[in-house]
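*Asks:*
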Amino acid sequence: MQRADSSRQWRMIREFIAKLPQPQLIVPGNHDVPLYNVINRILRPMTTYQREIGVPLNPVIELPGAVIIGGVTAHGLTIDGGMLSKRQRRTLTELWSRYDDTRWKLMVLHHQLVNPPGYQHRATMRDSVGVAHLLEQWGVDVLLCGHIHVSHVGQTADSIPTLQHGTVICQSGTTTSRRGKSRERGAQSYNLLSISDTAIDITPHVYTAATAQFTPTAIYTVRRRDRRSIEQRSVEGVAASLDRIAE
Ligand SMILES: [Fe+2]
C-alpha cells in the first residue's frame, strides 16, 4: 500500500529523490495524503508530506527563458479527482504575477484537468473549466499532470470552447510502477521536454520489453506564436507505437 502513513515508505522515497539529479520540482499527489490518520487527512492533509519531504508546497524553478511552478491538487476528502483550493488559487495567482510572458510558463499539478480522448472513467479535477481559465489567465503555456497512469498530449481548448488560446496539456503515464492503464496497461512511460526560445518539443517515451529500453513514440511541437495548434510527427524507426502496445 503506497500511502502517507508509513515512516519506512517516507524514508524510501527520500532516498529515491536523493538519487535524482538537480534541479528538482516535487509536487504531492493523492497518495501523499494520510489514509488512516483521519484527523490529519481532513484537517492537515499536507503536514506529513511537508515534514517528511521538506520542500515548498508551491515550488518554483527559474530556467533561462522558462519558469516552472508547482501547485497542490491533492486533498483529504474521500473522493477521486483533484481540486485547486481557494488558497492555492490565490497563492498561484500571486506567484504567476511575478513573471511576464517573455518566458515559457509551465505548471505542474498532480491531477488531470481533462481526461484523454477515450478515457472517461476517472473523475477530472473539480471545476476543471474554471481551472483551465485560470491557467489561461496566468499565461501558462504547458500544464504537466499525471494521476491516471496514461500519457497524452492535448490542448485544454479542444474540450473547453470558451477558452481563447488554451493551454497545452502534457499528461504523463507512470514511470516507476507497473500501474500503466488503458493503452499503456502495465507499461512504464515518461515525457521528455526540450525547451528552446521558439518552441517546446514533447517526446513521450514508452518502455518496450523486447528491447528493454524506453522508446520515443512521437514528437509534439508547441510553437510560442501558436500554441493552440500542436504539430505531431512520428519518430522514424520506432518499433512500438502506443497502439501496438495496446494489442
Ligand atoms: Fe494520483
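When you number the sequence shown by the working numbering, it's gap-free, plus one each residue, and the end is 263. We treat Cβ as the ideally placed atom computed from N, Cα and C, and that holds for glycine. Model, not experiment: these values are computed from the prediction.
With distances taken from CA atoms, which of Ile29, Pro50, Tyr52 is nearest isoleucine 42?
*Replies:* Ile29
*Asks:* Name the two residues that bound the continuous alpha helix (DSSP H) containing glycine 170.
*Replies:* It is not in any alpha helix (DSSP H) - glycine 170 instead sits in the beta strand (DSSP E) that spans 168–171.
*Asks:* What residue from Tyr206, Gly162, Val145, Thr227 has the CA that sits closest to isoleucine 235's CA?
*Replies:* Tyr206
*Asks:* Report the three-state DSSP secondary structure of threonine 63 (helix, strand or coil).
*Replies:* helix
*Asks:* Taking the DSSP output, what are the residues bridged to tyrosine 206?
*Replies:* His221
*Asks:* Can you tell me whether DSSP reads glutamine 248 as helix, strand or coil?
*Replies:* DSSP places glutamine 248 in the strand class (E or B) of the three-state scheme.
*Asks:* So glycine 86 is in the beta strand (DSSP E); what residue range does that whole segment cover?
*Replies:* 82–86
*Asks:* State the Cα-Cα distance for the pair isoleucine 246 and glutamine 187, rounded to the nearest angstrom.
*Replies:* 14 Å
*Asks:* So, helix, strand or coil for threonine 233, using DSSP?
*Replies:* Correct three-state label for threonine 233: coil.
*Asks:* CB arginine 19 to CB leucine 51, shorter than 8 Å?
*Replies:* yes
*Asks:* Which runs of the alpha helix (DSSP H) fall wholly inside the stretch 94–175 and span at least 4 residues, in chain order?
*Replies:* 102–112, 144–154, 172–175
*Asks:* Should glycine 253 go down as buried or exposed, given a rule of 16 or more other Cβ atoms within 10 Å for buried?
*Replies:* Any reading at glycine 253 needs caution, since the residue's pLDDT is 49, under 50, leaving its predicted position unreliable; the model's value is listed next. Glycine 253 comes out exposed.
*Asks:* Just grab the DSSP bridge partners of arginine 239 for me.
*Replies:* According to the DSSP secondary-structure assignment, arginine 239 is paired through a beta bridge with Ala215, Asp242.
*Asks:* Is there at least one non-hydrogen atom of ligand 1 closer than 7 Å to the beta-carbon of glycine 45?
*Replies:* yes
*Asks:* Report, in whole angstroms, the separation of the C-beta atoms of histidine 163 and glycine 189, which I expect to be a contact under 8 Å.
*Replies:* With 8 Å as the limit, histidine 163 and glycine 189 do not qualify as a contact, their Cβ atoms being about 10 Å apart.
*Asks:* If I'm right that glutamine 104 touches valine 88 with Cβ under 8 Å, what's the distance once you round it to whole angstroms?
*Replies:* 6 Å
*Asks:* Where does glutamine 25 fall in DSSP's three states?
*Replies:* helix
*Asks:* What span of residues does the beta strand (DSSP E) with valine 184 cover, start to end?
*Replies:* 184–187
*Asks:* How big is the Cα-Cα spacing for aspartate 157 and asparagine 74?
*Replies:* 18 Å
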